[in-house]
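**Q**
Number of protein chains: 4
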Amino acid sequence: MTVPLTGVIPPVCTPMTPGHEVDAASLVRLVDHLLEGGVHGLFVLGSSSEAAYLTGAQRALVLETVAGHVGGRVPVLAGVIDMTTPRVLEHARVAVAAGADALVATAPFYTRTHPAEIRDHFRILAERAGLPVYAYDLPVSVHTKLSADLLLELAAEGALAGVKDSSGDDGAMRQVILRRPPGFSVLTGSELTVDAALWMGADGVVPGLGNVDPHGYVRLVAAAARGDWAAAREEQERLVRLFEIVRVGGPRMGASSAGLGAFKAALFLRGVIGHPVTAPPQIPLNADEHARIGKLLAAVGLLVRGTGT
Amino acid sequence: MTVPLTGVIPPVCTPMTPGHEVDAASLVRLVDHLLEGGVHGLFVLGSSSEAAYLTGAQRALVLETVAGHVGGRVPVLAGVIDMTTPRVLEHARVAVAAGADALVATAPFYTRTHPAEIRDHFRILAERAGLPVYAYDLPVSVHTKLSADLLLELAAEGALAGVKDSSGDDGAMRQVILRRPPGFSVLTGSELTVDAALWMGADGVVPGLGNVDPHGYVRLVAAAARGDWAAAREEQERLVRLFEIVRVGGPRMGASSAGLGAFKAALFLRGVIGHPVTAPPQIPLNADEHARIGKLLAAVGLLVRGTGT
Amino acid sequence: MTVPLTGVIPPVCTPMTPGHEVDAASLVRLVDHLLEGGVHGLFVLGSSSEAAYLTGAQRALVLETVAGHVGGRVPVLAGVIDMTTPRVLEHARVAVAAGADALVATAPFYTRTHPAEIRDHFRILAERAGLPVYAYDLPVSVHTKLSADLLLELAAEGALAGVKDSSGDDGAMRQVILRRPPGFSVLTGSELTVDAALWMGADGVVPGLGNVDPHGYVRLVAAAARGDWAAAREEQERLVRLFEIVRVGGPRMGASSAGLGAFKAALFLRGVIGHPVTAPPQIPLNADEHARIGKLLAAVGLLVRGTGT
Amino acid sequence: MTVPLTGVIPPVCTPMTPGHEVDAASLVRLVDHLLEGGVHGLFVLGSSSEAAYLTGAQRALVLETVAGHVGGRVPVLAGVIDMTTPRVLEHARVAVAAGADALVATAPFYTRTHPAEIRDHFRILAERAGLPVYAYDLPVSVHTKLSADLLLELAAEGALAGVKDSSGDDGAMRQVILRRPPGFSVLTGSELTVDAALWMGADGVVPGLGNVDPHGYVRLVAAAARGDWAAAREEQERLVRLFEIVRVGGPRMGASSAGLGAFKAALFLRGVIGHPVTAPPQIPLNADEHARIGKLLAAVGLLVRGTGT
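Chains A, B, C and D, in that order, give the protein sequences.
Numbering-wise, the first sequence is residues -3 to 305 according to our numbering.
Numbering-wise, the second sequence is residues -3 to 305 according to our numbering.
Numbering-wise, the third sequence is residues -3 to 305 according to our numbering.
Numbering-wise, the fourth sequence is residues -3 to 305 according to our numbering.
(1) Would you kindly check if the distance between the Cβ of Ser43/A and the Cβ of Gly309/D is under 7 angstroms?
(2) If you check the beta carbons only, do Val214/D and Gly37/D fall under 7 angstroms apart?
(3) Answer yes or no: does any C-beta atom of chain E fall closer than 7 angstroms to that of Ala125/A?
(4) Could you tell me whether the Cβ of Val242/C comes closer than 7 angstroms to any Cβ of chain B?
(5) Would the region 276 to 288 of chain C and the region 107 to 123 of chain D be scored as touching if the rule is three or more Cβ pairs under 8 angstroms?
(6) Rounded to the nearest angstrom, what separates Asp78/B and Asp224/A at their Cα positions?
(7) Assuming Thr102/A and Leu134/A make a contact with CB atoms under 8 angstroms, what is their CB distance in whole Å?
(8) Around the C-beta of Gly308/B, are 16 or more other C-beta atoms found within 10 angstroms, so that it is buried, or is it exposed?
(9) Would you list the residues sitting across from Gly3/C in a DSSP beta bridge?
(10) Rounded to a whole number of angstroms, what is the C-alpha to C-alpha distance between Leu59/D and Ile5/D?
(11) Can you give me the Cβ contacts of Thr13/A inside the same chain, cut-off strictly under 8 angstroms, excluding the 5 residues immediately before and after it?
(12) Rounded to whole angstroms, what's the CA-CA distance from Glu231/B to Lys260/B? Just pull it up for me.
(13) Do Leu265/A and Val300/A have their beta-carbon atoms positioned less than 7 angstroms apart in this structure?
(14) Determine the direct distance from the alpha carbon of Leu238/B to that of Pro247/D, and round the result to whole angstroms.
(15) Pick from Ile241/C, Val268/C and Arg222/C: whose alpha carbon is nearest that of Glu285/C?
(16) Using a cut-off of 8 angstroms between C-beta atoms, extract the partners of Leu50/D located in chain C.
(17) If I follow the unbroken beta strand (DSSP E) through Ala180/B, where does it start and stop?
(18) For the alpha helix (DSSP H) containing Phe118/A, name the first residue and the last one.
(19) Nearest-angstrom Cα distance between Pro0/B and Leu174/B?
(20) Within its chain, find whatever has a CB closer than 7 angstroms to the CB of Val138/B; leave out the 5 residues flanking it on each side and keep chain order.
(21) Secondary structure at Ala56/D, three-state DSSP: helix, strand or coil?
(22) Are the beta-carbon atoms of Leu293/C and Ala262/C separated by less than 7 angstroms?
(23) Kindly indicate which three-state DSSP category Gly304/B falls into: helix, strand or coil?
(24) How many Å lie between Ala287/B and Gly245/B at the Cα?
(25) Scan the region 219 to 234 of chain B for residues whose Cβ lies nearer than 8 angstroms to a Cβ of chain C and list them as they occur along the chain.
(26) Whole angstroms is fine: what's the gap from Lys291/C's alpha carbon to Asp145/B's?
(27) So, does the CB of Asp165/B fall closer than 7 angstroms to a CB anywhere in chain C?
(28) Taking Cβ-Cβ distances shorter than 7 angstroms, what residues in chain C pair up with Ser186/B?
(29) Does the beta-carbon of Pro128/C have 16 or more other beta-carbons within 10 angstroms, so that it is buried, or is it exposed?
(30) Taking only beta-carbon positions, decide if Arg170/D is within less than 7 angstroms of chain A.
(31) Return the chain-ordered ranges of every beta strand (DSSP E) run that is complete within the region 11 to 54 of chain D and spans a minimum of 3 residues.
(32) In this structure, how does DSSP classify Gly64/B when only helix, strand and coil are distinguished?
(33) Going along the chain, which residues of its own chain have a beta-carbon closer than 7 angstroms to the beta-carbon of Val172/D, five neighbours each way excluded?
(34) Can the beta-carbon of Ser252/C be found less than 7 angstroms from the beta-carbon of Thr107/D?
(35) Could you check what DSSP says for Val72/C in three-state terms: helix, strand or coil?
(36) Closer than 7 angstroms by beta-carbon distance: list the chain D residues that pair up with Asp161/C, in chain order.
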């Protein structure tokens, strides 16, 4: 793995069969779709992968399928999402065995954890996990924000290789960017402000929406890399319009269902995956909502299977 | 199992070795301590059991150890604490195999879940888990409150056998008590208001502090059962004083560490378990804090090992 | 004022004209209704009084109207609800001038305030306000909980005369009850658990629902005072059923509108106030919802104007 | 007033005497300091103005002092921060009388308000306030986020002239920017990402830190306006370093005290205001903390009074 990690590293959706088993064939097609789109790495078993809904065996299958199919062409980061250190370490062992290149871990959740304990959590992971650890800052799920000071302390001592910042707090992210040690990677998880994050010095992006349109995010990052910021912005604004798909599910379901359901519906409509199925208890999108997603795809120039649009 | 479930059903702490493995010998002694105290059931793998810190293998070991040692003398409820339905169902399969009598499940967490999805979560568990399901209402961990309406709807259709209410919202609990169908069990998880909860019609209590002093909670419930409410209150007020042990850790650690650490320190000081060890990344209580806990135990008349008090 | 303050002290609704001015005539009738019901004090300008919606002039008018009409027959507590100490002190000056007997103040809100600053807030109020100060613990509005330790520290130094506990956390309230100095008054704001609160040692209750049925709460407190706890519980359970009126507005409006609208609709239906009007931007209840409230009133034996029920 | 409002519109601090009265002489000097720095408007009575701590008379004095001294040279926006519509309208009347050019209002707070009620709140303000209304999106204080949909709906019907977005959610802000009607002004309140916000299409910035260094923010905005984004970024990064002053107060005080205290300490050290005093109950910064702030000022090239640095 290059240090720091850079570019587009989408959090790979986990295609499922109608019976809610991992659809490995679709997963392989999705990986091909992403690699063909030019992404620079893959993040499996994150929130957008429905890691929270996958059993241990399903998680292992996903990781083995992706790592095996990728075969080292790009780095594979493995989410180790769980409540506390011992359980996260258990996922780390599976990830190491499956050939992951790095781990992505949140702060503890469900428990009521002191900042000093969060720090210890990452220190223990760093010592024992056997792979570089990226912090996953996701307050909407974890209900704590990783402070810039904490991230920088852990970066300075080498416990963290980087952060995936899905907090939406770009001011705090910028403080990390400006004060971090060399090699510490800052990746934004905010799909709608990637040009801005790269402008500030972020190294890359982990966009859930990148499942649907990896080419768009790759174009965005490439434009920024060559200094063509106007092109980067234009691409980002197109992706902002595409992001409307996550609002189609509306208030009749949770934000997880609406977002993950939209990504999978779009991947299904684009012909990448076999079934637009999300794990229970998520409410599925209906036919009308699928049609609206199809129109939003078409409006940004994405072909939809069987429609000729 | 009797219906509704009644009495004192402590959430059993999980003793650990200094290496953070399950200390099965201490766990058996703890179960004996609780049974000797007269408790009416045992709840394993709840929050007070550090379920959030236990690996899958450790959870299974705890459950098998307790269920095996109890041998049907009292009902054993198994927590199936995890983020979403598929992962909870996996824990349920382990619990069924280990011989648990019922399951205790929270709403989904980490994910952003709609009330209709929470309802579906419990419905799916009820259909597939193979054991009666108790809802675990714990907003401090799960970040959603189970409404009285939701609980009553699930109770009416038979999807839930009862609720362990650790929300602290006794007004809402009372609405459930007054409107529930026959056989639906309401258990309070609020250790400091058990007499009041019983007075309102609750069926029992799941007190973390009951690990330390099961005799006290059993006396409380027995006094209430025979209508001697003054005795129940006197016992409860004594237990309120004992509950001060959870505040000894103070602001230098999280609320989980301070509470679970205090219970384990007290069990160690009383000679029940071999080591006052909690799982990482929880900050341990120090010697001074142990001494203060010892004094609080003595002040309510609990013998402390080796001190003669 | 007797110390500690005891009994039923309803937070007096503020009747309004269709043009959203204070309806002083209805307010006087409401005070008479409450005094006739036997209440032991009146709390004006609290949350149930829509204090958050009243201008300075309206607040003063309400306070002068009530204090003038009461004429010392019962203590009048004045809410001084505002964001920070200087603004609260300004309300305190008005309250002193209007003849209030005591003040009720929350922690600062809107600002991000440290616990030491919350402590200073109450200390400054105690020094400068010129009347006894009751703390108003209302996390649902203020977004901080007043800890038992903070309340007890302020009680010990004489800065607080008591607390109106609307936190719903009866365990914490009990810790205050058991450790408070003599004369410090603990009043519950939880309408559904008054018998339990009195059982634990609370001195009284500040029930929003007491506007609608002061007689019921007075009977409840009287039964508890004479040791007839079964009668207290029976009355409380009847009031729990009556409390269903606050749920009629349902999800189409905020909890403030649904609750305050229901109290005012009930007072209108009972013939106490002239208009069931709440302040903007609260959504008003409609005719169908009024009818449902009427049925709920009738079901607990309250006469509704013009219906003969 | 030009439409849309653009440029640097600092939220003007409210200098205070040691006795916590408005220090009008210092306020005039601060306004001169800001105008000399080239700002394009002034926002008085916002959060950074300690509006939450000012009495009605103090608020009026501040507004009259600033509006009178500015004399139309730049637009003056007046915060009308209060809990609900009727109280906000009362502040609006004062603002109109004092000659403000526009109003800035939050969603209701303290009360529990439905989104439809928040919408009605802004509609009523628009109809009755007599000045253009800017929405102030400040979830950290108000505990609700104004959704992009709500802002756009109110923008489309002409009820809002713009938004001051202090939510930190730049993804949502971008959705507003891309979908807003002509003339609707989007101002960021996030001091650390102004270059990025302008890049996305925001019209200006309302930076609390702009009190301390208006020249810096004006240079930043000017650089962006002429397309010299590298210079804008360099200036922004310098201001990120300056922003470290808000962290000097650290965990011994609230975030309000630490931030507002730092701004005032810096203004005092720079010789702009007479006293580094904040309103009670905010904990004041001490001499050591003042010294650290002085060093941070010097490090970014700001002269400190009497030190020659």
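Note that CB positions come from ideal geometry on N, CA and C, so glycine has one too.
As the structure is a prediction and not an experimental result, all values here were calculated from the model.
**A** On the basis of the data shown:
(1) Chain D is shown from -3 up to 305; residue 309/D falls before or after that span and cannot be answered.
(2) no
(3) Note that chain E does not occur in the displayed structure, where the protein chains are A, B, C and D.
(4) no
(5) Three or more pairs of CB atoms, one per stretch, sit closer than 8 angstroms, so the region 276 to 288 of chain C contacts the region 107 to 123 of chain D.
(6) If I take the Cα positions, the gap works out to 46 angstroms.
(7) 6 angstroms
(8) The question about residue 308/B has no answer, for chain B in this structure spans -3 to 305.
(9) Gly200/C
(10) 15 angstroms
(11) Sequence-distant Cβ neighbours of Thr13/A in its own chain, meaning closer than 8 angstroms and more than five residues away, are Asp19, Gly270, His271 and Val273.
(12) 22 angstroms
(13) Taking 7 angstroms as the Cβ cut-off, Val300/A and Leu265/A qualify as a contacting pair.
(14) 31 angstroms
(15) Ile241/C
(16) Pro82 and Arg83
(17) Residue identity differs from the one stated: residue 180/B is Phe in this sequence, not Ala. Per DSSP, Phe180/B belongs to no beta strand (DSSP E) and is neither H nor E.
(18) Pro111 to Arg124 is the span of the alpha helix (DSSP H), which, as asked, contains Phe118/A.
(19) 15 angstroms
(20) Thr102, Ala103 and Phe105
(21) helix
(22) Cβ distance < 7 angstroms, so Leu293/C and Ala262/C count as in contact.
(23) Reliability of the predicted coordinates at Gly304/B is poor, the pLDDT of 46 falling under 50, and the value obtained from them is presented with this limitation in mind. If DSSP states are grouped into helix, strand and coil, Gly304/B belongs with coil.
(24) 12 angstroms
(25) Trp225, Arg229 and Glu233
(26) 20 angstroms
(27) yes
(28) Gly167
(29) buried
(30) yes
(31) 38 to 40
(32) In the structure shown, Gly64/B falls within a helical segment according to DSSP collapsed to helix, strand and coil.
(33) Ala144, Leu147, Leu148, Val159 and Val182
(34) yes
(35) Looking at Val72/C - three-state DSSP - the assignment turns out to be strand.
(36) Those do not exist, as Asp161/C stays about 18 angstroms from chain D at its closest Cβ, beyond 7 angstroms.
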